[in-house]
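A.B. asks: Here you go, one structure.
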Amino acid sequence: MTTSLAGLVAALPPEAGVPHAARVGGGPADLAEVAIEAITCDSRQVAPGSLFVAYRGVAVDGHDFVPQAVASGAAAVVAEKALEGLGVPLIVVPDGREALAYLSAAWHHFPSRRLTVVGITGTDGKTTTCNLLHSILIAAGRRAGLVTTVNAVIGERRIDTGLHTTTPDAPDMQRYLAEMVAAGMDTAVLEVTSHGLQQHRVSGCDFDLAVVTNVTHEHLDIHGSLEAYRQAKAMLFHHLAAGVQKPGVPKVAVLNADDDSYRYLRPIPAEQHIVYGIEGAHAVDANRDTNRDARLVATDIHRSAAETRFTVRSSPGDFDLRTVLVGDYNISNILAATGAALALGVPDEAVQEGVWQVKGVVGRMERVDEGQPFTALIDFAHTPNSLQRALETARTLTAGRVSAVFGSAGLRDVEKRAWMGEIGGRLADITVLTAEDPRTEPLDGILDEMARGAEIAGAVEGQTYFRVPDRAGAIQFAVDLARPEDLVIACGKGHELSMCYGTVETPWSEHQALRDAIRRRLGREETDSQGR
963 MTTSLAGLVA
973 ALPPEAGVPH
983 AARVGGGPAD
993 LAEVAIEAIT
1003 CDSRQVAPGS
1013 LFVAYRGVAV
1023 DGHDFVPQAV
1033 ASGAAAVVAE
1043 KALEGLGVPL
1053 IVVPDGREAL
1063 AYLSAAWHHF
1073 PSRRLTVVGI
1083 TGTDGKTTTC
1093 NLLHSILIAA
1103 GRRAGLVTTV
1113 NAVIGERRID
1123 TGLHTTTPDA
1133 PDMQRYLAEM
1143 VAAGMDTAVL
1153 EVTSHGLQQH
1163 RVSGCDFDLA
1173 VVTNVTHEHL
1183 DIHGSLEAYR
1193 QAKAMLFHHL
1203 AAGVQKPGVP
1213 KVAVLNADDD
1223 SYRYLRPIPA
1233 EQHIVYGIEG
1243 AHAVDANRDT
1253 NRDARLVATD
1263 IHRSAAETRF
1273 TVRSSPGDFD
1283 LRTVLVGDYN
1293 ISNILAATGA
1303 ALALGVPDEA
1313 VQEGVWQVKG
1323 VVGRMERVDE
1333 GQPFTALIDF
1343 AHTPNSLQRA
1353 LETARTLTAG
1363 RVSAVFGSAG
1373 LRDVEKRAWM
1383 GEIGGRLADI
1393 TVLTAEDPRT
1403 EPLDGILDEM
1413 ARGAEIAGAV
1423 EGQTYFRVPD
1433 RAGAIQFAVD
1443 LARPEDLVIA
1453 CGKGHELSMC
1463 YGTVETPWSE
1473 HQALRDAIRR
1483 RLGREETDSQ
1493 GR
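The sequence shown lines up with residues 963 to 1494 when you count with our numbering.
Written out as structure tokens, the structure is:
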């Protein structure tokens, strides 16, 4: 595909840069004469005819690679500052990441404008809620695509979206949306992280529905404060209000009345607000708002290890749901997905079928069964809120002891380390502290901080909590301690396929590590010594 530089630059919104007048430096006076064959922010991928976009990154500054990009044949450069002597057109913009997003959208002819687009954000539960909504839409006969931090689903295709969990980069996101359009999809369900919002990975996406699960303590290393983190999450709802209005598709916000995020998200304009919550659990008074708000309330809840059943009380009418997903947090996730589905005109019967069809989400309270006499689970819980919910739910699934294996990431939010240690020490019978992407931080220091929290909760080292730095060894340790009817839960890595030590991503599979540990415990030795 080839397009003119002028056409791409003209697609930049006013806040992302001034079109033609922003050109600086050499090259053709008429940008329409410059043919662009590809767009990239990676100088290693530049080929003749590429448009290279440079911005200041977290670890490197893309401007340092502009000479290399030009030498490799870049036909033009977009940058955040003036650069001399390039010999090709230079477009200067205030924010290179934002420009990359809109340029990528323009390259694919703004595919989100030909889809109904649902964005789902929150600290915990995003991936599960996305999968629930996608299942409901498929049950309703909608041709729906899905992009989460685990994978992208476009028709029969499933595509891994990365080793670690964040929204795909803008070029990938726009490519996935374009592939959905080409495949005849009518709806896109997108998991939207705070990083994705702050780094403009979904800028250029025109959202029709914005959904929040919850907003709790996380990513303060990136955002600096809980208030800044909240503001990053709120960007999705501002995108909703500012996006292109599609014929016959209202702008709908789906909010959680049981979460403090309701207070600051409800005032953001939308054509309709749908508010959901569990009966008796409302953290805020949603009733003070306009009667135009639709409400979904989970009531008459029946919980068991095999399934959860409850009634959804709603303005259009009540209906029953059942699910194999455990925990009240999954009731909230189901309500969020149901609210979005009803806003899209999905009938109750399809909601019921779609929810029941979701038998689990990879790395989310996922059972690992090798015939052992105890329960083994994997959960992605890596925040204080999600760890507490996971351990509270685990307690309901066993009459025996709960052993929790988890860590806290290096070069990330340091405040949560002792907090998570305290949660483990308070809610688990046995807590095993271990590595979780220590990166360039000394692991011993991270474990010290977590141990301090465990001891605040009354845990005693060597009796109720242990430090086992090697994660495969920590999982083996917990498995070896397990008695019949106990429960072992490994938290924090979930579906991720790598572990970061130093600056190197090392292959890792939590599933294989747990399976190998159980097989060793059972005397079966067909294992990989590195847990992979």
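Glycine included, every Cβ here is placed at the ideal spot set by N, Cα and C. Note that the structure is predicted; figures quoted are calculated from it, not measured.
Do you know how far the Cα of SER1266 is from the Cα of THR1345?
C.D. replies: For this step, residue 1345 is matched to residue 383 along the sequence shown. For this step, residue 1266 is matched to residue 304 along the sequence shown. Cα to Cα, the separation comes out at about 25 Å.
A.B. asks: Rounded C-beta distance between GLY1307 and LEU1258? I'm assuming under 8 Å.
C.D. replies: Your numbering for residue 1307 matches position 345 in the sequence shown. Your numbering for residue 1258 matches position 296 in the sequence shown. Contact flag wrong, Cβ pair sits at about 15 Å.
A.B. asks: Could you pull out every residue in the same chain whose Cβ sits closer than 6 Å to the Cβ of VAL1069, ignoring the five residues on either side in sequence?
C.D. replies: One-based indexing of the sequence shown puts residue 1069 at position 107. A small correction: the amino acid at residue 1069 is Trp; Val does not occupy that position in the sequence shown. Cβ within range, chain order: ILE1001.
A.B. asks: Let me know if ALA1033 comes out buried or exposed under the rule of 16 or more other beta-carbons within 10 Å of its beta-carbon.
C.D. replies: Your numbering for residue 1033 matches position 71 in the sequence shown. In summary, ALA1033 is exposed, with fewer than 16 beta-carbon neighbours lying within 10 Å of its beta-carbon over all protein chains present.
A.B. asks: In chain order, what residues of the same chain have a beta carbon less than 6 Å from the beta carbon of THR1090, not counting five sequence neighbours either side?
C.D. replies: Here residue 1090 refers to the residue found at position 128 when the sequence shown is read from its first residue. Result list for THR1090: ASN1295, VAL1323, ARG1326, in chain order.
A.B. asks: Output needed for VAL1313: all residues of its chain with C-beta closer than 6 Å, excluding positions within five of it in sequence on either side, in chain order.
C.D. replies: Within the sequence shown, numbered from 1, the residue matching residue 1313 stands at position 351. Its chain contains ILE1098, THR1300, ALA1303 as the residues whose beta carbon lies nearer than 6 Å to that of VAL1313, once the 5 sequence neighbours on both sides are disregarded; these appear in chain order.
A.B. asks: Looking at C-alpha atoms only, which residue of ARG1192, LYS1195, ILE1236, PHE1014 is the closest neighbour of LYS1213?
C.D. replies: Counting from 1 along the sequence shown, the entry for residue 1213 is found at position 251. Looking at the Cα atoms, ILE1236 is the closest of the given residues.
A.B. asks: Cα separation between VAL1274 and ALA1114?
C.D. replies: Counting from one through the sequence shown, the residue named residue 1274 turns up at place 312. Counting from one through the sequence shown, the residue named residue 1114 turns up at place 152. In a straight line, the C-alpha of VAL1274 is about 30 Å away from that of ALA1114.
A.B. asks: Kindly indicate if chain D contains any beta-carbon less than 7 Å away from that of ASN1093.
C.D. replies: Among the protein chains of the structure shown there is no chain D, as only one such chain exists.
A.B. asks: Take LEU1405 and list the residues in its own chain whose beta-carbon comes closer than 6 Å to its own, dropping the five residues that flank it on each side.
C.D. replies: By one-based count along the sequence shown, residue 1405 stands at place 443. Cβ neighbours of LEU1405 beyond the five flanking positions: ALA1397, PRO1431.
A.B. asks: Sorted by chain position, which residues of the same chain lie with C-beta nearer than 7 Å to THR1128's C-beta, five sequence neighbours on each side aside?
C.D. replies: Position 166 of the sequence shown holds residue 1128. Same-chain partners within the cutoff: THR1111, THR1155, HIS1157, GLY1158.
A.B. asks: Around the C-beta of VAL1422, are 16 or more other C-beta atoms found within 10 angstroms, so that it is buried, or is it exposed?
C.D. replies: On the sequence shown, residue 1422 is found 460 positions in, with the first residue counted as 1. Flag for VAL1422 reads exposed.
A.B. asks: For ASP1280, which of ASN1292, LEU1287, VAL1288, LEU1297 has the nearest alpha-carbon?
C.D. replies: In the sequence shown, the residue the question calls residue 1280 occupies position 318. When only C-alpha atoms are compared, the closest one is LEU1297.
A.B. asks: Can you list the alpha helix (DSSP H) stretches of 4 or more residues lying completely in the region 1138-1222, in chain order?
C.D. replies: 1156-1160, 1182-1185, 1188-1204
A.B. asks: I need the straight-line Cα distance from ALA1256 to GLN1234, nearest angstrom please.
C.D. replies: Residue mapping note: residue 1256 aligns to position 294 of the sequence shown, counting from 1. Residue mapping note: residue 1234 aligns to position 272 of the sequence shown, counting from 1. When rounded, the distance between both Cα atoms is 8 Å.
A.B. asks: Contact between the region 1038-1045 and the region 1057-1067 is defined here as three or more beta-carbon pairs at a separation below 8 Å; is this criterion met?
C.D. replies: yes
A.B. asks: Given that a residue counts as buried once 16 or more other Cβ atoms are within 10 Å of its Cβ, and exposed if not, what is HIS1185?
C.D. replies: Within the sequence shown, numbered from 1, the residue matching residue 1185 stands at position 223. For HIS1185, the pLDDT reaches just 45, beneath the cut-off of 50, and the residue's location in the model is therefore unreliable, although a value from the coordinates is still provided. So HIS1185 ends up on the buried side.
A.B. asks: Might you give, ordered along the chain, the residues of its own chain that have their beta carbon closer than 6 Å to the beta carbon of SER1276, omitting 5 neighbours on each side?
C.D. replies: Here residue 1276 refers to the residue found at position 314 when the sequence shown is read from its first residue. Around SER1276: LEU1258.
A.B. asks: Among ARG1486, PRO976, ASN1093, which one has its Cα closest to the Cα of PRO1056?
C.D. replies: Looking up residue 1056 in the sequence shown gives position 94. Answer by Cα proximity: PRO976.
A.B. asks: How close, in whole Å, do the beta carbons of MET1147 and ALA1106 come, if the pair is a contact with beta carbons under 8 Å?
C.D. replies: Taking the sequence shown and counting its residues from 1, the one referred to as residue 1147 is at position 185. Taking the sequence shown and counting its residues from 1, the one referred to as residue 1106 is at position 144. Yes, they are in contact, since the Cβ atoms of MET1147 and ALA1106 sit about 6 Å apart, within 8 Å.
A.B. asks: What would DSSP say about TYR1017, mapped onto helix, strand or coil?
C.D. replies: Within the sequence shown, residue 1017 is the residue found at index 55, counting from 1. Coil.
A.B. asks: May I ask you to report which of helix, strand or coil DSSP gives ILE1296?
C.D. replies: Residue mapping note: residue 1296 aligns to position 334 of the sequence shown, counting from 1. If DSSP states are grouped into helix, strand and coil, ILE1296 belongs with the helices.
A.B. asks: Consult DSSP for ARG1228 and reduce its assignment to one of helix, strand or coil.
C.D. replies: Within the sequence shown, numbered from 1, the residue matching residue 1228 stands at position 266. Of the three classes helix, strand and coil, the one that applies to ARG1228 here is coil, per DSSP.
A.B. asks: What is the DSSP secondary structure of MET1327, counted as helix, strand or coil?
C.D. replies: Here residue 1327 corresponds to residue number 365 of the sequence shown, with the count starting at 1. Three-state DSSP puts MET1327 in coil, outside helix and strand.
A.B. asks: Going by the CB atoms, is the gap between ILE1392 and SER1365 shorter than 7 Å?
C.D. replies: The residue given as residue 1365 occupies position 403 in the sequence shown. The residue given as residue 1392 occupies position 430 in the sequence shown. It is a contact, given that the beta carbons lie within the stated cut-off.
A.B. asks: Taking SER1348 as part of the alpha helix (DSSP H), name the residues at either end of that continuous run.
C.D. replies: Indexing the sequence shown from 1 puts residue 1348 at position 386. It spans 1346-1358 - the alpha helix (DSSP H) in which SER1348 sits, taken as one unbroken run.
A.B. asks: Determine the DSSP secondary structure at THR1091, reduced to helix, strand or coil.
C.D. replies: As a working note, residue 1091 is residue 129 in the sequence shown. The answer is helix: DSSP assigns THR1091 an H, G or I state.
A.B. asks: In its own chain, which residues sit with a C-beta less than 6 Å from the C-beta of ALA1444, not counting the 5 before and 5 after it?
C.D. replies: Numbered from its first residue, the sequence shown carries residue 1444 at position 482. Result list for ALA1444: PHE1336, VAL1450, in chain order.
A.B. asks: For a minimum of 4 consecutive residues, which ranges assigned as the alpha helix (DSSP H) are wholly contained in the region 1355-1406?
C.D. replies: Those alpha helix (DSSP H) runs which fall completely within the region 1355-1406 and span 4+ residues are 1377-1389.
A.B. asks: Within a Cβ cutoff of 7 Å, which residues of the same chain sit near LEU1459, ignoring the five residues on either side of it in sequence?
C.D. replies: Position 497 of the sequence shown, counted from the first residue, corresponds to residue 1459. So the list reads LEU1125, PRO1469, TRP1470, SER1471, once near-sequence residues are dropped.
A.B. asks: Short check: CB of GLY1011 to CB of GLU999, under 7 Å?
C.D. replies: By 1-based counting over the sequence shown, the position of residue 1011 is 49. By 1-based counting over the sequence shown, the position of residue 999 is 37. Less than 7 Å divides the Cβ of GLY1011 from the Cβ of GLU999.
A.B. asks: Keeping to the same chain, check which residues put their C-beta closer than 7 Å to that of CYS1462; ignore five residues upstream and five downstream.
C.D. replies: For this step, residue 1462 is matched to residue 500 along the sequence shown. Same-chain partners within the cutoff: ASP1399, ARG1401.
A.B. asks: DSSP three-state call for SER1266: helix, strand or coil?
C.D. replies: The residue you call residue 1266 lines up with position 304 of the sequence shown. Three-state DSSP puts SER1266 in coil, outside helix and strand.
A.B. asks: What is the DSSP secondary structure of LEU1443, reduced to helix, strand or coil?
C.D. replies: If you number the sequence shown from 1, residue 1443 lands on position 481. LEU1443: helix per DSSP, three-state reduction.
A.B. asks: With distances taken Cα to Cα, identify the nearest neighbour of ARG1284 among ALA1305, LYS1208, ASP1262.
C.D. replies: Along the sequence shown, read from residue 1 onward, the residue named residue 1284 stands at position 322. For ARG1284, the nearest C-alpha among the options comes from ASP1262.
A.B. asks: Taking the alpha-carbon of GLU1189 as reference, which of HIS1096, VAL1206, SER1223 has the nearest alpha-carbon?
C.D. replies: Reading the sequence shown from its first residue, position 227 is the one you call residue 1189. Closest by alpha carbon: SER1223.
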